[in-house]
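Notes to accompany the following structure.
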Amino acid sequence: MCGIVGFVGKQGNKEQVLDDMMKVIVHRGPDSAGKYVNDQVALGFRRLSIIDLENGSQPMFNEDGEVGIVFNGEIYNSPELRERFLAKGHVFKNSSDTETLIHGYEEYGEKLVHELRGMFGFAIWDNKKKRLFMARDFFGIKPVYYAMVRGNLVFASEIKSILEFPGFKKEVNNEALEEYLSFQYSNLTETFFKGVYRLLPGHYLTYQNGEMNVTQYFDPTLEPVSKDSQEELVKKLTDVLEDSVDKHMLADVEVGAFLSSGVDSSYIAAKYSGKKTFTVGFFDKNNQYSETQYAEECAKFLGLENYSHQITEEEYWGEMPKIMYHMDEPLADPAAIALYFVAREAAKQVKVVTSGEGADEFFGGYTIYREPLSLRWMSWLPKSWRKSMANLAEKLPEGMKGRSYIIRASKSVEERFIGNANIFTEDERKKLLKIKTNAPSPEALLAEKYKKMSKYDDTTKMQYIDLTNWLPGDILLKADKMSMAHSLELRVPFLDKEVFQVARQIRTNMKLKDKTTKFAFRRVAEKCLPEFTTNKKKLGFPVPIRVWLKEDTGYGKVKEAFQSPAAKKYFYTEPIMRLLDDHKNGVKDNSRKIWTIYSFLVWYQVFFEDEKKAA
Numbered sequence: 001m002c003g004i005v006g007f008v009g010k011q012g013n014k015e016q017v018l019d020d021m022m023k024v025i026v027h028r029g030p031d032s033a034g035k036y037v038n039d040q041v042a043l044g045f046r047r048l049s050i051i052d053l054e055n056g057s058q059p060m061f062n063e064d065g066e067v068g069i070v071f072n073g074e075i076y077n078s079p080e081l082r083e084r085f086l087a088k089g090h091v092f093k094n095s096s097d098t099e100t101l102i103h104g105y106e107e108y109g110e111k112l113v114h115e116l117r118g119m120f121g122f123a124i125w126d127n128k129k130k131r132l133f134m135a136r137d138f139f140g141i142k143p144v145y146y147a148m149v150r151g152n153l154v155f156a157s158e159i160k161s162i163l164e165f166p167g168f169k170k171e172v173n174n175e176a177l178e179e180y181l182s183f184q185y186s187n188l189t190e191t192f193f194k195g196v197y198r199l200l201p202g203h204y205l206t207y208q209n210g211e212m213n214v215t216q217y218f219d220p221t222l223e224p225v226s227k228d229s230q231e232e233l234v235k236k237l238t239d240v241l242e243d244s245v246d247k248h249m250l251a252d253v254e255v256g257a258f259l260s261s262g263v264d265s266s267y268i269a270a271k272y273s274g275k276k277t278f279t280v281g282f283f284d285k286n287n288q289y290s291e292t293q294y295a296e297e298c299a300k301f302l303g304l305e306n307y308s309h310q311i312t313e314e315e316y317w318g319e320m321p322k323i324m325y326h327m328d329e330p331l332a333d334p335a336a337i338a339l340y341f342v343a344r345e346a347a348k349q350v351k352v353v354t355s356g357e358g359a360d361e362f363f364g365g366y367t368i369y370r371e372p373l374s375l376r377w378m379s380w381l382p383k384s385w386r387k388s389m390a391n392l393a394e395k396l397p398e399g400m401k402g403r404s405y406i407i408r409a410s411k412s413v414e415e416r417f418i419g420n421a422n423i424f425t426e427d428e429r430k431k432l433l434k435i436k437t438n439a440p441s442p443e444a445l446l447a448e449k450y451k452k453m454s455k456y457d458d459t460t461k462m463q464y465i466d467l468t469n470w471l472p473g474d475i476l477l478k479a480d481k482m483s484m485a486h487s488l489e490l491r492v493p494f495l496d497k498e499v500f501q502v503a504r505q506i507r508t509n510m511k512l513k514d515k516t517t518k519f520a521f522r523r524v525a526e527k528c529l530p531e532f533t534t535n536k537k538k539l540g541f542p543v544p545i546r547v548w549l550k551e552d553t554g555y556g557k558v559k560e561a562f563q564s565p566a567a568k569k570y571f572y573t574e575p576i577m578r579l580l581d582d583h584k585n586g587v588k589d590n591s592r593k594i595w596t597i598y599s600f601l602v603w604y605q606v607f608f609e610d611e612k613k614a615a
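Reading the sequence shown from the start, the letters are residues 1 to 615 in UniProt numbering.
Okay, structure coming up:
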């Protein structure tokens, strides 16, 4: 795991520019640095040594020095690819997967991406063709960003490196803010910084003679038509998951595991070959936000060591600015902070950890995926009837039992589901925001994706939306940024290309059955885990935000932010303060809405206000 930076163009003083870009991502690679510069390109690299500790330095070149690479990630089928390339006459100098990518490019060109199994964000410079080839992995585990600045194509693992490029003008992308208020993460290709774009998962970019092309090479579409019996499916899943976990253990350093009390991380911990597991919880009066006890019991059952940390309210609020700095963009998922702290604990003992991200999206783990089943009876009614019922329900008091159900049941899945988070409606965000943009509605933003899955059931449609939006935009963003903040490599064995080939065909009734989510996967996990883990209600790393926002410390911090100049620049003060006061007074649980606004304001302070103070 590392950090990459670089640019193609005629920018002068290339070495100094590279140094400036690399210094802000030292946390991604504290072990060493490397760079390559010629009159057309500059490549920079920060290294966290995991495999081939002696010989894995970058940038790395082929035998004649004409093809160079900077690479962040791990290629888990590198040993097999290496054997294939050796048989074809390629000469290897070391055993790193970085060199495998170089020979893969020589052999396949852009089609190399189809041969890979792993997580990656890399840039390859072909000196003969004067061409840059940049790619991001299938599901978006590793980030890659790029921008055009004064005729230079600039790229990096983190946005903050691009901000260091001479002449880059830092501006907030207001459209990203409007979408963020609904999704709780940035859901546009253009990031929160105007002119900076994310290379989307399953895409590669080429740049030659001033012309840029971005191509999609992988789309995680679902085809839930498997005819396997339950027994056959469980066998297939067992085999492919065990193979994936085994491959994700490839390292020349010790590997640890994150462990909540849930089935996903527990399964990985049960199957991985390491010994150390790491957990966090929160100090609260009723102990309802701490998973440490369950995690300790699971670790004991598996014969593993467990190291836990209880996060205090003071720690939580105190680290928010640092967390938003590492995140690069606002993310209003409170679990990001729990992930930050568990990564900090793990990094004290190991360089690599495994984690359970992706199981919910692959196997149907979210409770909301059951919603189409509970709303079925309303779908049989004529649309005009459903609309009339919804209009009546809208007039009922908020919070009244049945109101939300009737309103949601009156809508199609395309109208009601934009992903696992739906914080502010389009109307709500327009009433809050002072700025006016041309941001599309959430429904318009997702219309093409729903169209791709139109022949399948509503649960499958929801799953695809989460796979292509929520997973890279929230789950994997925080997984990468919070782990790398502590120079820790995080690996996700569920998010494997071969696992997906099995998962994409699982029938919906093998995902959701008998009021159980992830049904087929739970049948796999119950063979190696205690019953209290396989049947436990999903929590993840829960965070007591709704409680803390009612207490003096949390209320005071947020009130101060809501009355700041930045808040007054972007939001109307009265409605956001009403959200906060109603929450404190127990009128309504507005915690997610409050946290979404607050997270943006902290991010804005870090990237726009604090820098001015320091200047």
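Backbone N, C-alpha and C define an ideal beta-carbon position, used for all residues, glycine too.
For clarity, every value in this text was computed on a predicted model and none was experimentally measured.
Checklist entry - Can you list, in chain order, the stretches of the alpha helix (DSSP H) that have 4 or more residues and sit fully within the segment 111–191? => result 159–163, 174–183
Next on the checklist: Taking the alpha carbon of Ile597 as the reference point, which residue from Gly140, Tyr185, Gln310 has its own alpha carbon closest?
Outcome noted: Tyr185
Checklist entry - What residue does the alpha helix (DSSP H) around Lys569 start on, and which one ends it? => result 565–570
Checklist entry - Leaving out the 5 sequence neighbours to the left and right, which residues in its chain are closer than 6 Å to Ser244 when beta-carbon positions are compared? => result Hits under 6 Å: Pro493, Asp496, Val499.
Next on the checklist: So, with DSSP's three-state summary, where would you put residue 691?
Outcome noted: As shown, the chain starts at 1 and ends at 615. That puts residue 691 outside it, with no answer to give.
Checklist entry - Excluding five sequence neighbours on each side, which residues of the same chain lie with their C-beta closer than 8 Å to the C-beta of Leu512? => result Gly364, Tyr369, Arg370, Leu373, Thr459, Phe519
Checklist entry - In terms of residues, what are the limits of the alpha helix (DSSP H) holding Leu477? => result 476–484
Checklist entry - Hey, quick one: how far does the alpha helix (DSSP H) through Gln208 stretch, first residue to last? => result Gln208 -> not in any alpha helix (DSSP H); beta strand (DSSP E) instead, spanning 203–208.
Checklist entry - Looking only at its own chain, which residues have a Cβ that is under 8 Å from the Cβ of Pro575, when we skip the five neighbours before and after it? => result Lys431, Leu432
Checklist entry - Does the beta-carbon of residue 617 have 16 or more other beta-carbons within 10 angstroms, so that it is buried, or is it exposed? => result For the chain, the structure presents residues 1 to 615; residue 617 sits outside this window and is missing.
Item to check | Where Leu237 falls: helix, strand or coil (DSSP) | outcome: helix
Checklist entry - From what residue to what residue does the alpha helix (DSSP H) around Arg578 run? => result 573–584
Checklist entry - Buried or exposed: where does Leu392 fall if 16 or more other Cβ atoms within 10 Å of its Cβ makes it buried? => result exposed
Checklist entry - Between the beta-carbon of Phe139 and the beta-carbon of Pro220, is there less than 8 Å? => result yes
Item to check | Lys613 (DSSP reduced to helix, strand or coil) | outcome: At Lys613, the pLDDT of 46 sits below 50, so the modelled position is not reliable; the number obtained from the coordinates is stated separately. If DSSP states are grouped into helix, strand and coil, Lys613 belongs with the helices.
Checklist entry - Hey, out of Leu302, Ala335, Glu254, whose CA is closest to Val280's CA? => result Ala335
Checklist entry - Going straight from the alpha carbon of Asn469 to that of Gly554, what length do you get? => result 30 Å
Checklist entry - Just checking my contact of Asp333 with Lys160 at CB under 8 Å: how many whole Å lie between their CB atoms? => result Contact flag wrong, Cβ pair sits at about 20 Å.
Item to check | Beta-carbon contacts of Phe600 that lie in its chain and below 6 Å, excluding the five residues immediately before and after | outcome: Result list for Phe600: Pro330, in chain order.
Item to check | Straight-line gap, Asn213 to Ala257 (C-alpha atoms, nearest Å) | outcome: 38 Å
Next on the checklist: Quick check: what's the CA-CA separation for Lys613 versus Leu445?
Outcome noted: Legend: pLDDT at Lys613 = 46, less than 50; position of this residue unreliable, value from coordinates given subsequently. So the two alpha carbons sit approximately 37 Å from each other.
Checklist entry - Pick from Val234, Ser182, Pro321: whose alpha carbon is nearest that of Asp474? => result Nearest C-alpha to Asp474: Ser182.
Checklist entry - How should Tyr207 be labelled, buried or exposed, when 16 other C-beta atoms within 10 angstroms of its C-beta is the threshold for buried? => result buried
Checklist entry - Is it right to say Gln58 is buried, meaning 16 or more other beta carbons lie within 10 angstroms of its own, or is it exposed? => result buried
Next on the checklist: Quick check on Ser78: does DSSP put it in helix, strand or coil?
Outcome noted: Looking at Ser78 - three-state DSSP - the assignment turns out to be helix.
Item to check | Where Pro30 falls: helix, strand or coil (DSSP) | outcome: strand
Checklist entry - Expressed to the nearest angstrom, what Euclidean distance is found between the alpha-carbon atoms of Ala615 and Pro397? => result For Ala615, the predicted structure reports a pLDDT of 36, less than 50, and the residue's modelled location is therefore unreliable. A value from the coordinates is still provided. Annotation: Ala615 to Pro397 spans about 51 Å, alpha carbon to alpha carbon.
Next on the checklist: Within 10 Å of its beta-carbon, does His114 have 16 or more other beta-carbons around it, so buried, or fewer, so exposed?
Outcome noted: exposed
Checklist entry - Is the beta carbon of residue 636 less than 8 Å from the beta carbon of Ile69? => result Residue 636 cannot be examined here, being either before or after the span of the chain that is shown, 1 to 615.
Checklist entry - What whole-angstrom Cβ distance do Ala33 and Gly6 have, given they're in contact under 8 Å? => result Incorrect: roughly 13 Å between the Cβ atoms, too far for contact.
Checklist entry - With a Cβ-Cβ cutoff of 8 Å, do residue 622 and Leu471 count as a contact? => result Here the chain comprises residues numbered 1 to 615, so residue 622 is not present and cannot be evaluated.
Item to check | Nearest residue (CA-CA) to Lys236, options Thr533, Ser95, Ala525 | outcome: Ala525
Item to check | N- and C-terminal bounds of the alpha helix (DSSP H) containing Ile337 | outcome: 335–347
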